[in-house]
Ligand code: ADP
Ligand code: ASP
Ligand code: MG
């Protein structure tokens, strides 16, 4: 029988009505045997996600303040779901160890993980499926990074002998049993890991939009959907800010060759976006698959004549950033110039020391430009289509935006442009108009 791992995000699990939609989706295909859940998300604009409520409990307890009403608000969210589903679920005994943990000196990741833990237990009770606690099967190393070998061995073994199970997303534990979470939105990663561990035929990621959009819906109203995108394009777009799928969710699925299908819980009839290595036969591939971007970059421009003939110059320059733990995002070069694009959050705390160290390289000119936004225009079809770079530059210029930087990755999968932050939205709209299908 086929196996499908399904992951439902926070808004898909925010209320009893949403749980019922999940139940319908599971019943529609018996191959949907493994369910990875997020914590309950927002029920309406302005609502608070349970994960944020739990971080609040932690902050209060860590500061020695009264957390009882903050924890009561969490209890109320699950109480409302259990009552709406009409099931008996002993919420009090599930919450008691959490209150006890808060009193005894809380651990931040443990607290955050309880949103998924409680939701998975509730869901398993409602469906009558097995509950598999991720703390037992998803293993992190002592440095907080996933230990893939142990994880796939442990999770693969238990999934192979389980018919139908609910698995909480977002967390695992280290060898000592201490809970560790992924970064925010990490239930997508759990889903991809579960798909790989169970050698699933498909990983369905159910959310509140009908797939990956051509660009950010907060900038362009109702952008078109991308019916198919390959893993590499998705990686570029999610890294650059298309936040529908966690950027680290691509790797496990890609390595195992498992296709991902992004679907809408509120419109299950929509086909969504299919992500795989190769497009199904008959897919029309345009020159540009999608556009994403982010604000919050600074550029350090270093000019020095004959820089290119000074052996080791670029290495020393980049080492200066590395020595302060500042990764560089892009590094376009000219004959006598090098620009290093860095995240402003990472760079600014070390700005003065880095600039002082760069002065020691005796540049002719050293300049920092703050407040840059980077936009990635991504598409594997770009290689075969001549003149895409010219169309990108033309579209942005026609929108009245000055381009500060251009970087074409050697993969020819994307062209990245830098614009001033205040021009970011205008540039995205100009590009959308030029390329959307
Ligand atoms: P979930 O809680 O289901 O994991 P997320 O909020 O993490 O859902 O991701 C879905 C949201 O991502 C959408 O509601 C949408 O606002 C946002 N988003 C940003 N960029 C894109 C994009 N390119 N395509 C689709 N959604 C996007
Ligand atoms: N609940 C976690 C978060 O809000 C993880 C997730 O939803 O994927 O970030
Ligand atoms: Mg998400």
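Residue numbers (this note's numbering): 79 to 515.
Ideal placement from N, C-alpha and C gives every residue a C-beta, glycine not left out.
All figures in this text were calculated on a predicted structure; none of them were measured in a lab.
Residue burial is scored here from C-beta neighbours: residue 296 has fewer than 16 other C-beta atoms within 10 angstroms and is therefore classed as exposed. Unbroken beta strand (DSSP E) stretches of 3 residues or longer found wholly inside the segment 274 to 298: 280 to 285, given in chain order.
For the pair residue 130 and residue 393, the Cα-to-Cα distance works out to about 42 angstroms. For residue 85, the uninterrupted beta strand (DSSP E) run begins and ends at 82 to 86, by DSSP.
In this structure, the CA atom of residue 158 is about 12 angstroms from the CA atom of residue 197. Per DSSP, residue 185 lies in no alpha helix (DSSP H) segment and is marked neither H nor E. According to DSSP, residue 411 shares a beta bridge with 416. At a Cβ-Cβ threshold of 7 angstroms, residue 428 and residue 446 do not count as neighbours. In the assembly as shown, residue 462 is an exposed residue. Its beta-carbon has fewer than 16 other beta-carbons within 10 Å. By the Cβ rule, the segment 382 to 390 does not count as touching the segment 301 to 309, because fewer than three pairs are nearer than 8 angstroms. With fewer than 16 neighbouring CB atoms inside 10 Å of its own CB, residue 490 falls in the exposed class. Distance from the CA of residue 400 to the CA of residue 432, rounded to the nearest whole angstrom, comes to 10 angstroms.
No Cβ-Cβ contact shorter than 7 angstroms links residue 213 with residue 274.
In this structure, the beta-carbon distance from residue 249 to residue 373 does not fall below 7 angstroms. With contact defined as three or more Cβ pairs closer than 8 angstroms, the segment 347 to 360 and the segment 417 to 427 are not in contact. Beta-bridge pairing by DSSP links residue 445 to 379. A straight line joining the alpha-carbon of residue 149 with that of residue 135 spans about 6 angstroms.
Taking each of 272, 175, 396 in turn and checking the Cα distance to residue 436, the smallest one comes out for 396. Counting C-beta pairs closer than 8 angstroms gives three or more between the segment 242 to 262 and the segment 186 to 196, which meets the contact rule. Short note on residue 368: C-beta not closer than 6 angstroms to any heavy atom of the ligand MG. Cβ neighbours of residue 229 within its own chain (closer than 8 angstroms, five residues either side excluded): 215, 216, 217, 250, 271, 275.
Within the segment 214 to 270, the runs of beta strand (DSSP E) that reach at least 3 residues and sit entirely inside it are, in chain order, 243 to 246, 249 to 252, 257 to 259.
Here the distance from the Cβ of residue 87 to the nearest heavy atom of the ligand MG is below 6 angstroms. With a threshold of 6 angstroms, the Cβ atom of residue 350 does not count as near the ligand MG, since no heavy atom of the ligand is closer than that. Residue range 306 to 308 is occupied by the beta strand (DSSP E) that includes residue 306, with no alpha helix (DSSP H) assigned at that position. Rounded to whole angstroms, the separation of the alpha carbons of residue 244 and residue 206 is 10 angstroms. Rounded to the nearest angstrom, the gap between the Cα atoms of residue 329 and residue 282 is 15 angstroms. Note on geometry: alpha-carbon atoms of residue 137 and residue 464 lie some 54 angstroms from one another. For the pair of segments examined, the segment 102 to 122 was found not to touch the segment 139 to 149: the number of CB pairs separated by less than 8 angstroms stays below three.
Restricting attention to 194, 302, 199, 240, the CA atom closest to the CA of residue 514 is found in 302. The criterion of a C-beta distance shorter than 7 angstroms is satisfied by residue 353 and residue 312. Straight-line measurement puts the Cα of residue 408 at about 23 angstroms from the Cα of residue 508. With distances taken between CA atoms, residue 167 lies nearest to 204 out of 183, 177, 204, 453. In the DSSP assignment, residue 131 falls within the alpha helix (DSSP H) that extends over 128 to 140. Under the three-state reduction of DSSP output, residue 474 falls in the helix class.
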